[in-house]
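**Q** Residue numbers (the UniProt record's numbering), protein chains in the order written: chain A, 1 to 319; chain B, 1 to 319.
Glycine included, every Cβ here is placed at the ideal spot set by N, Cα and C.
Computed from a predicted model, the values in this text were never measured in an experiment.
Here it is, the structure in full.
2 protein chains.
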Amino acid sequence: MPIPLPTFDDVLAAAARIAPHAHVTPVLRSHALDDLAGCRLHFKAEPLQRAGAFKFRGACNAVWALEEADAARGVATHSSGNHGAALALAARTRGIPCHVVVPEGANAAKLASIERYGATVHPCPPTIAAREDTAEQVRQRTGATLVHPYADRQVIAGQGTAALELFNANGPLDAVFAPVGGGGLISGTAIAAAAIAPACRVYGAEPEGAADTARSLAAGERQVDFVPDTLCDGLRGALGEPNFELLRQHRVDVFTVADADTVAAMRLLWQCLKLLVEPSSAIALAALLQQRSRFVGLSVGIVLSGGNVDVDALPWGRA
Amino acid sequence: MPIPLPTFDDVLAAAARIAPHAHVTPVLRSHALDDLAGCRLHFKAEPLQRAGAFKFRGACNAVWALEEADAARGVATHSSGNHGAALALAARTRGIPCHVVVPEGANAAKLASIERYGATVHPCPPTIAAREDTAEQVRQRTGATLVHPYADRQVIAGQGTAALELFNANGPLDAVFAPVGGGGLISGTAIAAAAIAPACRVYGAEPEGAADTARSLAAGERQVDFVPDTLCDGLRGALGEPNFELLRQHRVDVFTVADADTVAAMRLLWQCLKLLVEPSSAIALAALLQQRSRFVGLSVGIVLSGGNVDVDALPWGRA
Numbered sequence: 001m002p003i004p005l006p007t008f009d010d011v012l013a014a015a016a017r018i019a020p021h022a023h024v025t026p027v028l029r030s031h032a033l034d035d036l037a038g039c040r041l042h043f044k045a046e047p048l049q050r051a052g053a054f055k056f057r058g059a060c061n062a063v064w065a066l067e068e069a070d071a072a073r074g075v076a077t078h079s080s081g082n083h084g085a086a087l088a089l090a091a092r093t094r095g096i097p098c099h100v101v102v103p104e105g106a107n108a109a110k111l112a113s114i115e116r117y118g119a120t121v122h123p124c125p126p127t128i129a130a131r132e133d134t135a136e137q138v139r140q141r142t143g144a145t146l147v148h149p150y151a152d153r154q155v156i157a158g159q160g161t162a163a164l165e166l167f168n169a170n171g172p173l174d175a176v177f178a179p180v181g182g183g184g185l186i187s188g189t190a191i192a193a194a195a196i197a198p199a200c201r202v203y204g205a206e207p208e209g210a211a212d213t214a215r216s217l218a219a220g221e222r223q224v225d226f227v228p229d230t231l232c233d234g235l236r237g238a239l240g241e242p243n244f245e246l247l248r249q250h251r252v253d254v255f256t257v258a259d260a261d262t263v264a265a266m267r268l269l270w271q272c273l274k275l276l277v278e279p280s281s282a283i284a285l286a287a288l289l290q291q292r293s294r295f296v297g298l299s300v301g302i303v304l305s306g307g308n309v310d311v312d313a314l315p316w317g318r319a
Numbered sequence: 001m002p003i004p005l006p007t008f009d010d011v012l013a014a015a016a017r018i019a020p021h022a023h024v025t026p027v028l029r030s031h032a033l034d035d036l037a038g039c040r041l042h043f044k045a046e047p048l049q050r051a052g053a054f055k056f057r058g059a060c061n062a063v064w065a066l067e068e069a070d071a072a073r074g075v076a077t078h079s080s081g082n083h084g085a086a087l088a089l090a091a092r093t094r095g096i097p098c099h100v101v102v103p104e105g106a107n108a109a110k111l112a113s114i115e116r117y118g119a120t121v122h123p124c125p126p127t128i129a130a131r132e133d134t135a136e137q138v139r140q141r142t143g144a145t146l147v148h149p150y151a152d153r154q155v156i157a158g159q160g161t162a163a164l165e166l167f168n169a170n171g172p173l174d175a176v177f178a179p180v181g182g183g184g185l186i187s188g189t190a191i192a193a194a195a196i197a198p199a200c201r202v203y204g205a206e207p208e209g210a211a212d213t214a215r216s217l218a219a220g221e222r223q224v225d226f227v228p229d230t231l232c233d234g235l236r237g238a239l240g241e242p243n244f245e246l247l248r249q250h251r252v253d254v255f256t257v258a259d260a261d262t263v264a265a266m267r268l269l270w271q272c273l274k275l276l277v278e279p280s281s282a283i284a285l286a287a288l289l290q291q292r293s294r295f296v297g298l299s300v301g302i303v304l305s306g307g308n309v310d311v312d313a314l315p316w317g318r319a
């Protein structure tokens, strides 16, 4: 059964609901990156959001939108990482239980955060079917409300608050780029842009190795049968059904990016912004640089989605 | 000849002078680090300053405080990196020449920034005497004004604007920590704290392998004869004369920190703040954690001084 699609009013309600708990993240500028891109870049710094990613916005909105009786039974989800940590922290802000189904092989830093925020972790095999099955079992056993990482009205509305803040801080931009995994962030961004900055075009960026969104939009129907092959661990999920509908309605274009270009963009961001962005964030800058000539002289927003790099994998012994 | 010591009025004048050019950097919070430290931490994020460090504040103030005729002949300095890059960028904001004497073996990322900002680089052997001699030769040849990295009234006043912003954003804190190399940042911080938040204690953090400030304060006179041995490449300089006087006047205490503790703190900051701080910044958090029991329950400011990590040294091939 299709979920009701979120509207801009839902985004505004989300902004009010999460305000006591979420950070208003800064918008960062870099002259060096402006010179490189040939346009004026405005980076919405979601690595500085609580739990290190925009995901806290949607999770927090979903948790606080629950009726009291539902909330008491807790929340559950499956997640390769950022959404799980975000939901764990959101549940803690309301003092309710949280269950997170985590596929084996998930990013260690993200797993550690989920546990640190006090959620119960349920491991499962690393397939989308296994994730969904395990989450359903947890739901039946506990009565927890499933909060889907992206195919959820309140989650999408919450993710839209990042773009809302970006437009409020910077005025109507000519274009805004965001990464695309399941499509929560990009569809929330599209809703906010359509309402506040109708002339602003919204572009998604997804890995070549998980390019189901570009294929889905080209085909006119969701193409969810694929095996992701990308180091962007936050973007391996399949585009959600409501997300697909919203991207179609708002005529969002999606660019596909090779992982090597994403890593190069990540390196630029670390160097110029001093922000520890993860690959799944850097892909949005990589997409812009790939399409550089189309954006010369414009004002462009880039939603840097998260910063949950596995710091333990860095060469500390050599520092 | 001793230079006139800067006052709080100089800090206020600096704030007005640099406002058109410098960023007001955000103050970041982390619940995880608060829990670890047992106090409320307020991180002044100078890695997000232009040129990636607080140094731009002092350099910019010095450049824009020059009379027109002096400015036209340019500025010069010696620097292991951040001050050089900052002065190069500050000179570019005024459209005047800049000469930077750089010791061999300096951090590659910092050297690249100096060149990118259009300064002329003059290499020299890696001793303090060689740096000063080469800078003096450049000055005589070009007529440029030497802008010392820290023993300079306008530079110290400019560095004080970081603490000024921190207090303005957060109210009077109980304590504030900053790294100590030559003492520009810590002495500017002490001036600002004494004027705005007289109950706030100011603490410096310096590497065990360059602990001349702690020794100087203990002995009651500057102890500048030492060979630095620390990975904190921004903190290898000797404490300046005016800086020493200001630290004595303001009763600043300095803690010495082992490099291993600094690296551990850097890792925490990367992980929890998602900010690419360099070791010379992380030392301030390391000092607080070392002295943890003295600060339990307090509100503490930490000036994170810069983020010019040599990104090329990270394992990109493995990312």
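1. Does the beta carbon of residue 271 (chain A) sit closer than 9 Å to a beta carbon anywhere in chain B?
2. Can you list, in chain order, the residues of its chain whose CB lies under 7 Å from that of residue 233 (chain A), leaving out five sequence neighbours each side?
3. Under 7 Å between beta-carbons, which chain A residues line up against residue 257 (chain B)? List them in chain order, please.
4. Can you list, in chain order, the residues of its chain whose CB lies under 6 Å from that of residue 144 (chain A), leaving out five sequence neighbours each side?
5. Identify each residue in the region 41 to 55 of chain A for which the Cβ-Cβ distance to at least one residue of chain B is less than 8 Å, and report them in chain order.
6. Tell me the start and end of each unbroken alpha helix (DSSP H) in the region 195 to 275 of chain B that is at least 4 residues and wholly inside, in chain order.
7. Just curious, the beta strand (DSSP E) that residue 101 (chain B) is in, first and last residue?
8. At 9 Å on the CB atoms, spell out the chain A contacts of residue 236 (chain B), in chain order.
9. What are the boundary residues of the alpha helix (DSSP H) that residue 156 (chain B) is part of?
10. Select from B:27, B:22, B:28, B:34 the residue whose C-alpha is nearest the C-alpha of residue 29 (chain A).
11. Closest to residue 172 (chain A) by C-alpha separation, out of A:113, A:48, A:194, would be which residue?
12. Closer than 7 Å by C-beta to residue 211 (chain B): which residues in its own chain qualify, once you throw out the five before and the five after it? Chain order, please.
13. Who are the Cβ neighbours of residue 322 (chain A) in its own chain at under 7 Å, not counting the five residues just before and after it?
14. Which chain A residues are close to residue 26 (chain B), counting only those with a beta carbon under 7 Å from its beta carbon?
15. Mark residue 179 (chain A) as exposed unless 16 or more other C-beta atoms lie within 10 angstroms of its C-beta, in which case mark it buried.
16. Name the two residues that bound the continuous alpha helix (DSSP H) containing residue 11 (chain B).
17. Whose C-alpha, out of A:102, A:140, A:151, is nearest the C-alpha of residue 127 (chain A)?
18. For chain B, is any of its Cβ atoms less than 9 Å away from the one on residue 57 (chain A)?
19. Which residue wins for smallest C-alpha separation from residue 4 (chain B), given the options B:151, B:265, B:302, B:185?
20. With a threshold of 9 Å between beta-carbons, can residue 166 (chain A) be considered close to chain B, or not?
21. Just to confirm, is the Cβ distance from residue 118 (chain A) to residue 158 (chain A) under 9 Å?
22. How about residue 160 (chain B) and residue 43 (chain B): are their beta carbons less than 9 Å apart?
23. Determine the direct distance from the alpha carbon of residue 65 (chain A) to that of residue 190 (chain B), and round the result to whole angstroms.
24. According to the neighbour-count rule (16 or more other Cβ atoms, all chains shown, within 10 Å of its Cβ), is residue 105 (chain A) buried or exposed?
25. Determine the chain B residues that contact residue 274 (chain A) at a beta-carbon separation under 7 Å, and present them in chain order.
26. I need the straight-line Cα distance from residue 209 (chain B) to residue 136 (chain B), nearest angstrom please.
27. If the cut is a Cβ gap below 8 Å, which residues of chain B does residue 100 (chain A) touch?
28. Can you say whether residue 271 (chain B) is buried or exposed, counting buried as having 16 or more other CB atoms within 10 angstroms of its CB?
29. Buried or exposed for residue 163 (chain A), going by 16 or more other Cβ atoms inside 10 Å?
30. Residue 75 (chain B) by DSSP, collapsed to three states: which one?
31. Three Cβ pairs or more, each shorter than 8 Å: is that satisfied between the region 303 to 314 of chain A and the region 258 to 276 of chain B?
32. Give me the residue from B:307, B:306, B:303, B:299 with the minimum Cα distance to residue 34 (chain B).
33. If you count every other CB in all the chains shown that lies within 10 Å of the CB of residue 294 (chain A), and 16 or more means buried, which is it?
34. Can you check whether the CB of residue 301 (chain A) is closer than 9 Å to the CB of residue 175 (chain A)?
35. Suppose you measure from the CA of residue 318 (chain A) to the CA of residue 231 (chain B); what does that come to, to the nearest Å?
36. Keeping to the same chain, check which residues put their C-beta closer than 6 Å to that of residue 183 (chain B); ignore five residues upstream and five downstream.
**A** The answer reads as follows:
1. Counting from one through the first sequence, the residue named residue 271 (chain A) turns up at place 271. Judged by the 9 Å Cβ criterion, residue 271 (chain A) is in contact with chain B.
2. Counting from one through the first sequence, the residue named residue 233 (chain A) turns up at place 233. Taken in chain order, the residues that qualify are 80, 81, 107, 280.
3. For this step, residue 257 (chain B) is matched to residue 257 along the second sequence. Per Cβ cutoff of 7 Å: no residues; residue 257 (chain B) is ~15 Å from chain A at best.
4. Numbered from its first residue, the first sequence carries residue 144 (chain A) at position 144. Hits under 6 Å: 73, 74, 75, 76, 99.
5. Result list: 47, 48, 50, 52.
6. Runs found: 212 to 219, 241 to 249, 259 to 273.
7. The count along the second sequence starts at 1 and reaches residue 101 (chain B) at position 101. Counting along the chain, the beta strand (DSSP E) containing residue 101 (chain B) begins and ends at 98 to 103.
8. Position 236 of the second sequence, counting from 1, holds the residue named residue 236 (chain B). Within 9 Å of the CB of residue 236 (chain B), no CB atom of chain A is found; the nearest one sits about 16 Å away.
9. The residue given as residue 156 (chain B) occupies position 156 in the second sequence. Run containing residue 156 (chain B): 153 to 170, per the alpha helix (DSSP H) assignment.
10. The residue given as residue 29 (chain A) occupies position 29 in the first sequence. Taking only the C-alpha atoms, the option nearest residue 29 (chain A) is B:22.
11. Mapped onto the first sequence, residue 172 (chain A) falls at position 172. Comparing Cα-Cα distances from residue 172 (chain A) to each of A:113, A:48, A:194, the minimum goes to A:194.
12. The sequence position of residue 211 (chain B) within the second sequence is 211, counting from 1. Correct list, in chain order: 256.
13. Any question about residue 322 (chain A) goes unanswered here, given that chain A covers just 1 to 319.
14. For this step, residue 26 (chain B) is matched to residue 26 along the second sequence. By Cβ distance, chain A contributes 26.
15. Translated into positions along the first sequence, residue 179 (chain A) becomes position 179. Under this definition residue 179 (chain A) is a buried residue.
16. On the second sequence, position 11 is the one that residue 11 (chain B) refers to. Under the DSSP assignment, residue 11 (chain B) falls in the alpha helix (DSSP H) whose first and last residues are 8 to 18.
17. The residue labelled residue 127 (chain A) in the question sits at position 127 within the first sequence. Just measuring C-alpha positions, the residue of A:102, A:140, A:151 sitting nearest residue 127 (chain A) is A:102.
18. Indexing the first sequence from 1 puts residue 57 (chain A) at position 57. The beta carbon of residue 57 (chain A) sits no closer than 9 Å to any beta carbon of chain B.
19. Counted from its first residue, the second sequence places residue 4 (chain B) at position 4. Selected option, being the one with the closest Cα: B:151.
20. Counted from its first residue, the first sequence places residue 166 (chain A) at position 166. Not closer than 9 Å to any Cβ of chain B, the Cβ of residue 166 (chain A) fails to qualify, so no.
21. For the purposes of this step, residue 118 (chain A) is taken as residue 118 along the first sequence, with counting starting at 1. For the purposes of this step, residue 158 (chain A) is taken as residue 158 along the first sequence, with counting starting at 1. For residue 118 (chain A) and residue 158 (chain A), no; Cβs fall outside 9 Å.
22. Numbered from its first residue, the second sequence carries residue 160 (chain B) at position 160. Numbered from its first residue, the second sequence carries residue 43 (chain B) at position 43. For residue 160 (chain B) and residue 43 (chain B), no; Cβs fall outside 9 Å.
23. If you number the second sequence from 1, residue 190 (chain B) lands on position 190. If you number the first sequence from 1, residue 65 (chain A) lands on position 65. So the two alpha carbons sit approximately 47 Å from each other.
24. Taking the first residue of the first sequence as position 1, residue 105 (chain A) is located at position 105. It counts as exposed.
25. As a working note, residue 274 (chain A) is residue 274 in the first sequence. By Cβ distance, chain B contributes 47, 48, 52, 275, 276, 307.
26. Taking the first residue of the second sequence as position 1, residue 209 (chain B) is located at position 209. Taking the first residue of the second sequence as position 1, residue 136 (chain B) is located at position 136. Whole-angstrom Cα-Cα distance: 28 Å.
27. Residue 100 (chain A) sits at position 100 when you count from the first residue of the first sequence. Chain B residues near residue 100 (chain A): none, gap ~18 Å exceeds 8 Å.
28. As a first step, residue 271 (chain B) is located in the second sequence; it is residue number 271 there, counting from the start. Around the beta carbon of residue 271 (chain B), 16 or more other beta carbons sit within 10 angstroms, so the residue counts as buried.
29. Looking up residue 163 (chain A) in the first sequence gives position 163. Flag for residue 163 (chain A) reads buried.
30. Taking the second sequence and counting its residues from 1, one reaches residue 75 (chain B) at position 75. In the three-state reduction of the DSSP assignment, residue 75 (chain B) falls in the strand class, which pools E and B.
31. Yes, they touch.
32. For the purposes of this step, residue 34 (chain B) is identified with residue 34 of the second sequence, where counting begins at 1. Taking the Cα of residue 34 (chain B) as reference, the smallest distance to any Cα among B:307, B:306, B:303, B:299 is reached at B:299.
33. Taking the first sequence and counting its residues from 1, one reaches residue 294 (chain A) at position 294. Under the 10 Å beta carbon count, residue 294 (chain A) is surrounded by fewer than 16 other beta carbons and is classified as exposed.
34. Along the first sequence, one-based indexing puts residue 175 (chain A) at 175. Along the first sequence, one-based indexing puts residue 301 (chain A) at 301. Judged by beta-carbon spacing, residue 301 (chain A) lies within the 9 Å limit of residue 175 (chain A), meaning their Cβ atoms are closer than that value.
35. One-based indexing of the first sequence puts residue 318 (chain A) at position 318. One-based indexing of the second sequence puts residue 231 (chain B) at position 231. Caution is warranted here: a pLDDT of 42 is assigned to residue 318 (chain A), below 50, making its placement in the model unreliable, and the coordinate value is therefore given only provisionally. Roughly 10 Å between the two C-alpha positions.
36. On the second sequence, residue 183 (chain B) is found 183 positions in, with the first residue counted as 1. Annotation for residue 183 (chain B): 150, 239, 240, 243 place their beta carbon closer than 6 Å to its own, counting only its chain and skipping 5 residues before and after.
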